[in-house]
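Enquirer:
Numbering (my numbering), first residue to last: -5 to 398.
1) Between residue 256 and residue 233, is the Cβ-Cβ spacing less than 8 Å?
2) Please work out which residues of its chain come closer than 8 Å, Cβ to Cβ, to residue 103, disregarding the five sequence neighbours upstream and downstream, and give them in chain order.
3) Measuring CB to CB, does residue 139 end up less than 8 Å from residue 97?
4) Please go through the stretch 183 to 251 and give each complete beta strand (DSSP E) segment of 3 or more residues, from N-terminal end onward.
5) Sort 308, 264, 200, 338 by Cα distance to residue 276 and report the nearest one.
6) The beta strand (DSSP E) spanning residue 57 covers which residue range?
7) With a 10 Å radius around its C-beta and 16 neighbouring C-beta atoms as the bar for buried, classify residue 288 as buried or exposed.
8) According to DSSP, is residue 267 helix, strand or coil?
9) What do you get for residue 193, buried or exposed, if any count of 16 or more other CB atoms within 10 angstroms of its CB means buried?
10) Output the distance between the C-alpha atoms of residue 55 and residue 95, rounded to the nearest integer angstrom.
11) Do the CB positions of residue 167 and residue 197 come within less than 8 Å of each other?
12) What is the DSSP secondary structure of residue 384, counted as helix, strand or coil?
13) Who does residue 104 pair with in a DSSP beta bridge?
14) Along the chain, where does the beta strand (DSSP E) containing residue 160 start, and where does it finish?
15) Please work out which residues of its chain come closer than 6 Å, Cβ to Cβ, to residue 302, disregarding the five sequence neighbours upstream and downstream, and give them in chain order.
16) So what's residue 109 in DSSP terms, helix, strand or just coil?
17) Could you give the residue range of the beta strand (DSSP E) that holds residue 18?
18) Since residue 30 and residue 6 are thought to touch, with beta carbons under 8 Å apart, how far apart are those beta carbons, to the nearest angstrom?
19) Where do the N-terminal and C-terminal ends of the alpha helix (DSSP H) with residue 67 fall, by residue?
20) I'd like to know whether the C-beta atoms of residue 111 and residue 153 end up nearer to each other than 8 Å.
21) To the nearest angstrom, how far is the alpha carbon of residue 60 from that of residue 235?
22) Following the continuous alpha helix (DSSP H) through residue 22, name the residue where it begins and the one where it ends.
What follows is the structure, encoded as structure tokens:
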């Protein structure tokens, strides 16, 4: 069988049960991003800046029943949330459920290993990568396989060994309906190096897809299966599913839309909405800017400035506002007091701030967002925004979603 189904994010946070009826099943190879480690509460969290996610392994039998050939990537910004013990527990839970995984492991070498399979006479490889957030694997440390320039050479090498090469990569503009120009360049470079399919995730809302050279790029398929109580905004409970035939990649993918809802019994369920053809208004709204560089840049500028105004200006320490000035004075006074009365606590808070700044600047995604906002505000970058780009972003990213 050469059928391939691409899903988005699976995040079973506080989700002990899910019911996937016949309509949600898929018999071919199913590839998804497991956004959370699967470990009980006694596993403590690791130091990081940002939310810590913990998933429930109780959902795995339902996943295995619905998607018997499920493969999950662990290469993402939350897989190290519970440290090395949580990552090891996740491997054990997946192995017990008969679900293979890739993209995060006991050291950098193992984390970088592709997954291979023979499907319908085709030798297939899947390579998993993640933007450089927390928990990157090192030669002597567990973690995720990071996206670096060297990955392009790795893709070229793999291309020579297989009939089909799939790259699954975590990163991109979160909650935006469009990728940034730089992220598009990264994903297109993967296809140029030999990838047949690039399967991206992290936006948590559906983004577009495109045919580039010989390959297909899916910039984001949204949250496939999450706890609806934890993701109340409708946009974050809606996903696309891409169906492809690995034996005939000249045929366009079939895209279907799904909504994650809570059943009467309190379980998460997937409700089909129907097919999303490439000519549908929703698909064109997301896909057309992918071939319009000026509009794509304008949309990313709209997005970056919204992020700056909402939290980057204040939290990064780079903003210059009265509120920021007042908070800075208060923090200096608080730090001085802590340094005198509780030096260990002061050092911990300072380290947490440094970790947050590392998070901003090590990540390709966040560094570009900051650079775009600062470049516009400082006058270095030409302003590509138009009333049309503003209206599109207003519709796709309302305040209720941005502050989700």
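Every residue gets a Cβ at the ideal spot worked out from N, C-alpha and C, and that includes glycine.
Expert: Looking at the atomic coordinates:
1) Numbered from its first residue, the chain shown carries residue 256 at position 262. Numbered from its first residue, the chain shown carries residue 233 at position 239. Result no, Cβ atoms of residue 256 and residue 233 do not sit closer than 8 Å.
2) For the purposes of this step, residue 103 is taken as the residue at position 109 of the chain shown. Cβ within range, chain order: 133.
3) Within the chain shown, the letter at position 145 stands for residue 139. Within the chain shown, the letter at position 103 stands for residue 97. Cβ distance < 8 Å, so residue 139 and residue 97 count as in contact.
4) 191 to 195, 203 to 206, 209 to 212, 217 to 220, 232 to 239
5) Locating residue 276 in the chain shown gives position 282, where the first residue counts as 1. Checked all of 308, 264, 200, 338; the closest Cα to residue 276 is 200.
6) Translated into positions along the chain shown, residue 57 becomes position 63. Note, residue 57: premise wrong, no beta strand (DSSP E); alpha helix (DSSP H) at 54 to 60.
7) Counting from one through the chain shown, the residue named residue 288 turns up at place 294. Residue 288 is exposed by the Cβ-count criterion.
8) Start at 1 with the first residue of the chain shown, and residue 267 comes out as number 273. Three-state DSSP puts residue 267 in a strand.
9) To locate residue 193, count along the chain shown from 1; it is residue 199. Classification for residue 193: buried.
10) Along the chain shown, read from residue 1 onward, the residue named residue 55 stands at position 61. Along the chain shown, read from residue 1 onward, the residue named residue 95 stands at position 101. Using only the alpha carbons, I get a separation of about 15 Å.
11) Locating residue 167 in the chain shown gives position 173, counting from the first residue. Locating residue 197 in the chain shown gives position 203, counting from the first residue. In contact: residue 167 and residue 197 (Cβ atoms closer than 8 Å).
12) Here residue 384 refers to the residue found at position 390 when the chain shown is read from its first residue. Three-state result, residue 384: helix.
13) Looking up residue 104 in the chain shown gives position 110. According to DSSP, which records beta bridges pairwise, residue 104 is partnered with nothing at all.
14) Counting from one through the chain shown, the residue named residue 160 turns up at place 166. It spans 158 to 164 - the beta strand (DSSP E) in which residue 160 sits, taken as one unbroken run.
15) Numbered from its first residue, the chain shown carries residue 302 at position 308. Within the same chain, residue 302 has close Cβ partners 367.
16) Your numbering for residue 109 matches position 115 in the chain shown. Looking at residue 109 - three-state DSSP - the assignment turns out to be strand.
17) Here residue 18 is taken as the residue at index 24 of the chain shown, counted from 1. Neither: residue 18 is in no beta strand (DSSP E) and is coded neither H nor E.
18) As a working note, residue 30 is residue 36 in the chain shown. As a working note, residue 6 is residue 12 in the chain shown. Their Cβ separation, rounded to whole angstroms, is 7 Å, which keeps residue 30 and residue 6 in contact under 8 Å.
19) Translated into the one-based positions of the chain shown, residue 67 becomes position 73. Element bounds for residue 67: not the alpha helix (DSSP H) but the beta strand (DSSP E), 64 to 67.
20) For the purposes of this step, residue 111 is identified with residue 117 of the chain shown, where counting begins at 1. For the purposes of this step, residue 153 is identified with residue 159 of the chain shown, where counting begins at 1. Not in contact: residue 111 and residue 153 (Cβ atoms no closer than 8 Å).
21) Within the chain shown, the letter at position 66 stands for residue 60. Within the chain shown, the letter at position 241 stands for residue 235. Approximately 14 Å, taken between the alpha carbons.
22) The residue labelled residue 22 in the question sits at position 28 within the chain shown. Segment: none, residue 22 is in no alpha helix (DSSP H) and carries neither H nor E.
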